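Structure record follows, encoded as structure tokens.
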Amino acid sequence: MDIKYETIKRSELEQLQLERLQVTINRVYRNVKFYRSLLDKANIAPEDITSLDDLKKIPFTTKESLIENQPYDMFALPLRDVVRLQSSSGTTREPIVVGYSRNDIEHWTELVARVLNSGGVNKDDVVQISFDYGLFTGAIGFHYGAEYIGATVIPSSRISAEKQINIMRNYRTTALVCTPTFALQLADIVKKSDISPAELSLRVALIGSEPWSEPVRLEIEEGLHILALDNYGLSEIIGPGVSCECQEKNGLHIAEDHFIAEVINPDTEELLPDGEVGELVLTTITKEAFPVIRYRTGDLTSLDRSKCICGRTLARMSRVAKRTDDLVIVQGVKIQPALIGQILTEIEGTEPHFRLRVDRSGAKDELEVRVEVSENIFFDEIRRMDALHEEIQKRLEEALGFFVRVKLVEPNSIQRLNDSE
Ligand code: DLL
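For the sequence shown, our numbering gives the first residue as 127, with consecutive numbering after it.
As structure tokens, then:
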């Protein structure tokens, strides 16, 4: 445990947060046009931020603003001082590019090391990272964190679940890093094979990047005979390392020495008291290349500032089960329904109405897309319907990278106003 920061007294933490916030506000005011005009319009000068309470006066930053300022206008450093670019995962309509300075990478590494430490992982462990390496922050973030604590890293990335199990058995992996979907898949393979979980050396899994429930935790823990802990993060803030469960499994400790957390009512934007569920809003206070102020994450959670039995004083957030928007997460891929709409409008014969349904009953989630087709095709020959079906399936699978169940339905048969569920 990083005693100095993870068990810090609240009064000292607040002083540290204020100092770091002031530096950050100065930095963005000087270097990011978007923030300079946001603060000017709100009649706030950087020197007006004299208490943590003053943060509340600053308007929120939304994903739309980040998108409008792509690729580099939200950067507070020139590109020559940026040593890494990453982006939000999966297939969103507009992936957001984020940058890191050398110091940002150092902080990020330390924060992911905390996630690993809180799961009891240390230099004697063999850590298998089964996240997709690439622009997604999950893999490389954990890679650096695990090397930093001196563990032995296996960057197994997204090879098949069967091969991952072989690696795990042969190289005696003790800690696994992946999404809940993938952990379930691994548990399912072990169950169906002649491998007994006892043959594996696996002890703990650090799981994140998508919502998962207590029953899913139980299935993973029982299927692999391990401890499964949740960790949360998002690329706009830093990647993994924003918050993580300790072994008490009673909320995720937020790295409050690097991020200030608030919870708001997503409709009224009013600040909510601790314990009430609302949208998580985060402010980065150490980031140099890509700082964000009062960023609306879209994730629903509540805060608890009471001290945890583990000794950590950092506030805990409840597990994120839902979002405020209609983002759909399937097999670890984050999909904005609007992206599906965009693809469908490019295909002749489809109507703009569709419905998404995710079936999570099997080991792998499945996405079903119901698409209304135009009248002349629906009542025409089967051959035309088949060709259209094939084309939609091909285009969606190319964009998403996994099997999609496509169903063509009659015009006007999909309920209006709610295109996804
Ligand atoms: O998923 C960062 C990450 C990687 C976190 C590995 C943990 C482990 P993005 O691709 O930008 O970043 O997606 C961020 O994923 O706003 C949440 O909606 C969702 N999310 C991330 N972690 C959790 C979690 C990474 N533990 C978006 N529980 C976030 C629920 C999660 N949702």
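Heads up, the beta-carbon is just placed ideally off N, CA and C, and yes, glycines get one too.
Only a predicted model underlies this, so the values are computations on that prediction, with no experimental measurement involved.
DSSP-derived helix/strand/coil call for residue i
i: residue 479; result: strand
i: residue 413; result: coil
i: residue 168; result: coil
i: residue 232; result: helix
i: residue 379; result: strand
i: residue 544; result: Note that residue 544 has pLDDT 46, beneath the 50 cutoff, so the model's placement of it is unreliable and the number below is only indicative. Three-state DSSP puts residue 544 in coil, outside helix and strand.
i: residue 462; result: coil
i: residue 385; result: strand
i: residue 177; result: coil
i: residue 326; result: coil
i: residue 309; result: helix
i: residue 341; result: helix
i: residue 70; result: Because the chain spans 127 through 547 in this model, residue 70 falls outside it and cannot be assessed.
i: residue 524; result: helix
i: residue 321; result: coil
i: residue 420; result: coil
i: residue 371; result: strand
i: residue 213; result: strand
i: residue 159; result: helix
According to DSSP, residues forming a beta bridge with residue i
i: residue 356; result: 333
i: residue 443; result: 378 and 429
i: residue 390; result: 397 and 405
i: residue 366; result: 359
i: residue 300; result: Its beta-bridge partners do not exist; DSSP assigns none.
i: residue 501; result: Answer by DSSP bridge pairing: none, since residue 501 is not bridged.
i: residue 151; result: Answer by DSSP bridge pairing: none, since residue 151 is not bridged.
i: residue 254; result: 280 and 302
i: residue 492; result: 485
Any non-hydrogen atom of the ligand DLL closer than 8 Å to residue i Cβ
i: residue 268; result: yes
i: residue 340; result: no
i: residue 331; result: no
i: residue 376; result: no
i: residue 398; result: no
i: residue 484; result: no
i: residue 446; result: yes
i: residue 425; result: yes
i: residue 336; result: yes
i: residue 453; result: yes
i: residue 360; result: yes
i: residue 460; result: yes
i: residue 404; result: no
i: residue 356; result: yes
i: residue 214; result: yes
i: residue 394; result: no
i: residue 262; result: yes
Closer than 9 Å to chain B by CB, residue i
i: residue 503; result: Protein chains in the displayed structure number just one, and chain B is not present.
Integer-rounded CB distance, given that residue j should sit under 8 Å from residue i
i: residue 463; j: residue 482; result: 6 Å
i: residue 419; j: residue 253; result: That pair is no contact at about 34 Å.
i: residue 440; j: residue 382; result: 5 Å
i: residue 335; j: residue 458; result: 6 Å
i: residue 227; j: residue 372; result: Contact flag wrong, Cβ pair sits at about 29 Å.
i: residue 390; j: residue 443; result: That belief does not hold up - the Cβ atoms of residue 390 and residue 443 are roughly 13 Å apart, past 8 Å.
- Touch check for the region 421-429 and the region 439-451: three-plus C-beta pairs under 8 Å? yes
- Contact the region 313-326 vs the region 266-280: 3+ CB pairs below 8 Å: no
- Report yes or no: do the region 159-171 and the region 193-211 share at least 3 C-beta pairs separated by less than 8 Å? yes
- Query: If we count Cβ pairs, one from each stretch, closer than 8 Å, do we get three or more for the region 535-542 versus the region 493-505?
  - Reply: yes
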